[in-house]
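Per this note's numbering, residue 990 is the first one in the sequence shown, and the count goes up by one each step.
This report concerns only the one structure given below.
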Amino acid sequence: MPGLRAPRSARPILTILLAFALGVGAGGLLPFSQAENDPLFQPFWEAWALIQSRYIDEVDAEQLVAGALTGLVDSLGDEFSYYIAPEVYARDYTYSGEFTGIGVMVKTNSQGGIVVMEVAPDSPAAAAGVLVGDIFYAVDGEAVAGLTQDELSALVPGARGTNVRVTFRRGAALHTFDIVRDVFVVPNVAYELHGDIAYIAMHAFHKLSRSQLEAALAALDMASRAGLVFDLRGNPGGTIESAIDVASLFIEDEIVLQQVDRDGQTSQTRGAGGSASIHAPIALLVDSESASASELLAGALQDHARATIIGEATFGKGTVQAIQEVANGGAVRLTVRRYLTPLGRNIDQTGVVPDIIIEADDDSEVDEQLTAAIAFLESLRS
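Encoded structure:
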């Protein structure tokens, strides 16, 4: 998919309809239980009984449970740990790279409207005629004004083959489409050539990322290239497994990362094998929106001197989350480990500092970071 680039401006809040969560890692958690008659929980049950018996309006018990779960996890003060409501968890939390829905990415504009930012190729939305810039107006006849992206993305996706009627505002006119939901792949890897310098941008880490990256490397015929610019700017991360798989393309049987659990025990993870045998020098582009799995990869390549990191310090997310379903069909996303670079550097809150710092100028028509990366690789030939 030549000609695309990772974003250079501050990251908009994106929702892929259907969307996947941002962050690193998914997996099982040990079950936790507590007897209802434990004195520690007595205040909770007293408050529950008071609400059920004395609150002026009829109470939705499920809403109370959701509020309690939200508050429980929010009390940790960890922005990466949170409760996921059943209708949201029913969306894709598998990081498969494939989604069931209509196939658009959206952002919220300054007026609170939810705007189509990108239409996935070969998606139901593309076939129906949805365009970038269209603003969601109604779903199945119900106005969506005031809804958040999460709330909207709980309405639009659904089972493959089912129909959803979506009305968009396009300029002054309203356009209504009957769209049949289907499975689609979100574009993730883009590539092009700058002379004999190869360029690849990857926008997220999921189960398809390694195979997509391998396909791009093959298409670029890396054996004949003088260098590779690997662009992770704006890449918010994905699964730890995908990051390890991608790192293994560049790093042989060596340590890719270390992980520290709640007991302070450290484990080391080595590459998964299958190196791409890239002998050309690599410039890795990062910025303040390169997070989690992007930082894991950047830290590993930097520690092993496998790439020169260029751009701005990364986001600074050095923790691993696991997602565990709970009895009501929702889930809890919880930080369970911290990760370190192969040399033991903790990048949480600080990020990966580039070897060559180039600040982006969003007002410039020239991509100065990419220009600097190409110039750096070209300089190595002399």
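Ideal Cβ positions, reconstructed from N, Cα and C, are used throughout, including at glycine.
Only a predicted model underlies this, so the values are computations on that prediction, with no experimental measurement involved.
Secondary structure of Tyr1044 (DSSP, three-state): coil. Comparing alpha-carbon positions, the option among Asp1049, Ile1124, Phe1304 and Leu1053 lying closest to Trp1034 turns out to be Leu1053. Per DSSP, the continuous alpha helix (DSSP H) segment holding Gly1288 begins and ends at Ala1282 to Asp1292. Around Leu1206, the same chain offers Ala1265 as residues with beta carbons nearer than 6 angstroms, after the five sequence neighbours per side are excluded.
In the three-state scheme derived from DSSP, where H, G and I count as helix and E and B as strand, Phe1033 is classed as helix.
Contact check for Thr1303 against Ala1287 passes: the beta carbons are separated by less than 8 angstroms.
Beta-carbon to beta-carbon, Leu1120 and Val1105 are separated by about 7 angstroms, close enough to satisfy the 8 angstroms threshold. Take the alpha-carbon of Tyr1078 and the one of Gly1318: they are about 8 angstroms apart. As for any beta strand (DSSP E) of minimum length 3 sitting wholly inside the stretch 1294 to 1366, the runs are 1297 to 1300, 1308 to 1314 and 1320 to 1329, ordered along the chain. Distances from the CA of Gly1184 to each of Ile1229, Asp1242, Ser1213 and Leu1163 were compared; the closest alpha carbon is that of Ser1213.
Secondary structure note for Leu1144: it is in no beta strand (DSSP E), and the uninterrupted alpha helix (DSSP H) holding it is Gln1138 to Leu1144. In this model, Ala1362 and Ser1281 are separated by some 22 angstroms (Cα to Cα). Contact between the stretch 1267 to 1285 and the stretch 1220 to 1230 is present: three or more C-beta pairs spanning the two stretches fall below 8 angstroms. About 15 angstroms separates the Cβ atoms of Val1245 and Arg1327, ruling out a contact at the 8 angstroms cut-off. Within the model, the alpha-carbon separation for Ile1233 versus Gln1247 is close to 11 angstroms. Going by beta carbons, Arg1251 and Ser1070 fall outside the 8 angstroms limit.
The continuous stretches of alpha helix (DSSP H) do not include Thr1165, which lies in the beta strand (DSSP E) extending over residues Ala1162 to Val1169.
One thing to note: Gly1090 has its Cβ no nearer than 8 angstroms to the Cβ of Val1133. For Thr1059, the secondary structure class from DSSP, reduced to helix, strand or coil, is helix. When beta bridges are read from the DSSP output, Leu1206 appears opposite no residue. Below 8 angstroms, enough C-beta pairs join the stretch 1155 to 1170 and the stretch 1110 to 1128 to call them touching: three or more. The beta carbon of Ser1198 sits closer than 8 angstroms to those of Gly1086, Asn1177, Val1178, Met1191, Gly1227, Ser1231, Asp1234 and Val1235, all from its chain and outside the five residues before and after it, given in chain order. The bridge partners DSSP lists for His1183 are Ile1186.
With respect to the 8 angstroms criterion, Phe1088 and Phe1173 are classified as neighbours on the basis of their beta carbons.
Just so you know, the alpha carbons of Asn1026 and Ala1074 end up roughly 26 angstroms apart.
Per DSSP, Ser1256 is one residue of the beta strand (DSSP E) stretching across Thr1255 to Arg1259.
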